[in-house]
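Protein sequence lines correspond, in order, to chains H and Z. For the first sequence, the numbering used here begins at 11 and goes up steadily by one. For the second sequence, the numbering used here begins at 11 and goes up steadily by one. All C-beta atoms in this analysis are idealised placements derived from N, C-alpha and C, irrespective of residue type, glycine included. A short write-up of the structure that comes next.
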Amino acid sequence: MISKPKRFAAALATLCLLFAAGATFAQDPGDPGPFAVVRAEYDYGDDAFRFSDQPTELRAVVYHPKDLSGGPFPLVVFLHGYHPTCYLGSAFFLQWPCTPPREPIPSYIGYEYEQEILASYGYIVTSISANGVNARDTLFFDQGMTWRAALIQRHLDQWNTFNTEGAEPFGKLFVGKVDLTRVGTMGHSRGGGGVARHYNYNRELGSPYGIRAVFPLAPVDRLREVLDSVNFAVLLPYCDGDVADLQGVHYFDDARYVEGDQTNKHYVLVMGGNHSFYNTVWAPGGWPAATWDDWLQFEDPSGSDPFCGTGGSSHRLTQEQVHGTLRAYLTGFIRIYLGGEAKFLPILKGDSPPPPSAMTSEIHVSYHPKDAVGSRLTVNSLLAEDRLSTNDLGEPVTPSGLDPYDLCGGEDPQPRHCLEGQPTRRQPHTTPSPLMMKARGLSQLRFGWDDATAEWTNQIPDDSTSDVRGYAVVQFRASVNFNDPRNIPDVPQDFSVILTDRVGNSASALVSNNSDAPYYPPGQVGAVPKVVLNTIRIPLAQFIGVDLSQVRSVRIQFNQRDTGALLLTDLIFAD
Amino acid sequence: MNGKSKTTFRWSSPAVAALLITLSGSAAMAQAQKNSIVALQTASSGSNIEIVITSDEAFLRSEIPVLRIGKQEIIISGPAEDGSVYTRVFYLSPEQFRSAKSGDRVTFQYGSGEGERQRDFGTLDKSKLTHSSRRGRP
């Protein structure tokens, strides 16, 4: 039991933290920056690059600071996704090069709204065309991912030429102005798979370019590429009607526990966001042909879903809002990891609410810190069966009143999926790829309770490990299991996190005071509802009266609802 | 749906039309969806077998196009030579074709997920195999 003074102190601490978080509104990474910006293009033709004898264009639109005297500037490469490649009137086609009088559909110019913002902060941002890849990528077993990687590398080689000797159409403009040791990539959809493949492709070539930040946007993950040793963030639109299974969450899940990895991982779940609106050329009205709202096109033609559909009370985002989410989170991500502006980390950790440039507050951010003392102390990874009884610190794990209490989604003998009878696209963490059918998904603790005395306790060793003063939060990822009737539809879950120290002092923090992640997954049609395990972070400062130098247990007490069921993983202390 | 291609499909000649595989079982549903297997042929180069399918619903999604023949999943595919987004050519290895049986159900879906919406293309008739003059996959 926590005394009233302690409760008051905890509430005061919470208020202070909220105030501090609110103060970060002043730092909006998506606001226009100080540099005047210039737009340019380069185009070496439809057959300027060949991969396995397949014609590919070498074409891009570039935004860069008008005044390059402060260079060299970091380079950011954008790669669009799969889309028809040619059009004639309102008809569209998949071929390359386009048969005259058909003309190319310029998917690569679809992100200029974001290129311009990034360039205004001193980045050279090039968005490359990949129609040649789109026309024939599925002829290759890896579905064109290595082709995409090779195309990015070819553009980086071109930028190396611009930076060293100069070349047309720019002449000497960029000589000495491009920092190819600080390169970021953003790929949308199949382009997201492309930038993931490219990170490892560049590494396989001996890392001729310094890829420091990778941002897959609504990506496919066909090869289960592991992105260790690079900071990355995945953006997942909840109402994605194209890559509707949000398979890109695998990038995060697969890269969490690579030993010694000194880079951070994030994902950003955009509630109400769809797939095609991120590219202005793909969105309705953006081009004479081949435009659509993917949610309505592929998942819900009548727009009837209460959350993603078109009804008056739906939560679907406008195109402008969708752009806002990229402007806020991609710009913030790049400015952190290429620009060294750590002041934006609270946004990418979920400690600060979405900045105004995001144009929506319905965003959930998940974060997994690098493998370093002071950044991450893993209490229970829940990776394998023995973690049900013994945690990563070698200490007992004790369930009480939990039924079921098992792991799902991970390696054998775990069941492949966690929600029996639900389509896999409603279970992103375990959705399969036809190319990697044997690859399992995220190992998750699956449990429920039937009265409010249930709890789950992880002990901490009675040694130096118990000193968690060097960490900022205790955190985990969780989702309400909508497949379990013990959760009340449309009612969020709530529960308490309790820390206890060596002499028995305890303090409790209510999840609902810190996070809205345990929402009841919304939607009823097609790919929704779906379970996405979002990070819940509880600042250690809230555990007033507990000696943080001697923490002996982390207890999660399911004391706020009589019944419920959750999926949970990654119990850690974090920075 | 935006602008459907009006271009004549290359395989719509009488000779190829004779290769149409008879739909069975859910023929009514298949007709309603206007899905059909247009050709079953060996590639002019290489030893792959091509199955050409058409649908009145364009093949547009970013997820992997997967043709299921019985229990097999065929994931190597390409567009029609005329660029029609309503046609898809799937490539079977000789082993995959040997494993397939006449009468196997042919369906299309995106990805390998369970519970995905499938398009029914009827059943396979291996006796309809013919030789193509079309350029094969790279």
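Taking residue i as the query, report the chain H residues whose CB atoms sit under 7 Å from its CB, ordered along the chain.
i	result
Tyr122 of chain Z	Note on residue identity: the sequence assigns Ser, not Tyr, to residue 122 of chain Z. Result: Pro442, Ser443, Pro444, Met447.
Arg71 of chain Z	Asp252, Phe308
Taking C-beta pairs closer than 8 Å, name the residues in chain H that residue i reaches, listed in chain order.
i	result
Val76 of chain Z	Pro444
Ser171 of chain Z	Lying outside 11 to 148, the shown extent of chain Z, residue 171 of chain Z is not represented and no answer is given.
Arg115 of chain Z	Going along chain H, no residue has its Cβ under 8 Å from Arg115 of chain Z, so there is no contact; the nearest lies around 18 Å.
Val95 of chain Z	Pro94, Phe102, Phe103, Leu104
Glu60 of chain Z	Simply none; closest approach about 12 Å.
Is residue i helix, strand or coil by DSSP?
i	result
Glu178 of chain H	coil
Met196 of chain H	strand
Phe568 of chain H	coil
Asp396 of chain H	helix
Glu124 of chain H	helix
Gln128 of chain Z	coil
Ala464 of chain H	coil
Ile554 of chain H	coil
Tyr415 of chain H	strand
Ala25 of chain Z	Confidence is the limiting factor: at Ala25 of chain Z the pLDDT is only 31, short of 50, which leaves the residue's position unreliable and the question unanswerable from this model.
Val58 of chain H	Strictly speaking, residue 58 of chain H in this sequence is Ala, with Val absent from that position. Reduced to three states, the DSSP call for Ala58 of chain H is coil.
Val507 of chain H	strand
Gln307 of chain H	helix
Tyr347 of chain H	helix
Tyr92 of chain H	coil
Ala33 of chain H	Any reading at Ala33 of chain H must be qualified, since the residue scores a pLDDT of 40, below 50, and its modelled position is unreliable; no value is offered.
Phe287 of chain H	helix
Gly342 of chain H	helix
Thr24 of chain H	Residue placement at Thr24 of chain H is poorly supported in this model, since its pLDDT is 39, which falls under 50; the coordinates are not used for a value here.
Ala519 of chain H	strand
Pro366 of chain H	helix
Ser476 of chain H	helix
Leu452 of chain H	coil
Asn173 of chain H	helix
Lys325 of chain H	Rather than Lys, the amino acid found at residue 325 of chain H in this sequence is His. In this structure, His325 of chain H counts as coil in the three-state DSSP scheme.
Ser34 of chain Z	The predicted position of Ser34 of chain Z is uncertain, since its pLDDT is 32 and thus under 50; no value can be drawn from it.
Leu445 of chain H	coil
Leu190 of chain H	strand
Ile357 of chain H	helix
Pro409 of chain H	strand
Since I believe residue j is in contact with residue i (beta carbons under 8 Å), could you give me their beta-carbon distance rounded to a whole number of angstroms?
i	j	result
Pro438 of chain H	Asp189 of chain H	Contact flag wrong, Cβ pair sits at about 35 Å.
Gln432 of chain H	Asn493 of chain H	6 Å
Ala368 of chain H	Thr335 of chain H	5 Å
Ser117 of chain H	Asn289 of chain H	6 Å
Arg192 of chain H	Pro84 of chain H	4 Å
Pro502 of chain H	Tyr481 of chain H	Incorrect: roughly 26 Å between the Cβ atoms, too far for contact.
Val538 of chain H	Val521 of chain H	Not a contact, Cβ separation roughly 23 Å.
Glu309 of chain H	Gly536 of chain H	4 Å
Val87 of chain H	Ile127 of chain H	Not quite, the Cβ-Cβ distance comes to about 16 Å (not below 8 Å), so this is no contact.
Lys359 of chain H	Val383 of chain H	Contact flag wrong, Cβ pair sits at about 18 Å.
Val72 of chain H	Ala58 of chain H	Contact flag wrong, Cβ pair sits at about 16 Å.
Among all the DSSP beta bridges, which residues are the ones paired with residue i?
i	result
Phe107 of chain Z	Bridge partners of Phe107 of chain Z: none, in fact.
His374 of chain H	H:Leu279
Leu102 of chain Z	Z:Ile59
Tyr97 of chain H	H:Phe102, H:Glu113
Gly458 of chain H	H:Ala575
Pro549 of chain H	H:Val483
Ile582 of chain H	H:Thr388, H:Gln485
Arg562 of chain H	Its beta-bridge partners do not exist; DSSP assigns none.
His74 of chain H	H:Val48
Ala265 of chain H	Paired residues: none, contrary to the question.
Phe69 of chain Z	Answer by DSSP bridge pairing: none, since Phe69 of chain Z is not bridged.
Asn544 of chain H	H:Ala488
Glu83 of chain Z	Z:Arg78
Gly88 of chain Z	Z:Val99
Could you name the residues of chain A that residue i contacts, counting a contact when the two beta carbons are closer than 9 Å?
i	result
Thr148 of chain H	Annotation note: the requested chain A is absent from the structure, which comprises protein chains H and Z.
Using a Cβ cut-off of 8 Å, pull out every chain Z residue sitting near residue i, in sequence order please.
i	result
Arg232 of chain H	Ile74
Arg200 of chain H	Ser72
Gln454 of chain H	Simply none; closest approach about 18 Å.
Please list, in chain order, the chain H residues whose beta carbon lies closer than 9 Å to that of residue i.
i	result
Glu105 of chain Z	Neighbours of Glu105 of chain Z on chain H: none; closest Cβ ~15 Å, over 9 Å.
Using a Cβ cut-off of 7 Å, pull out every chain Z residue sitting near residue i, in sequence order please.
i	result
Ala145 of chain H	Pro89
Gln153 of chain H	Ile74
Along chain Z, in chain order, which residues have C-beta atoms closer than 9 Å to that of residue i?
i	result
Gly91 of chain H	Ser72
To test your reading of the DSSP string, which unbroken alpha helix (DSSP H) runs of 4 or more residues are found completely within the region 197 to 261 of chain H?
200 to 214
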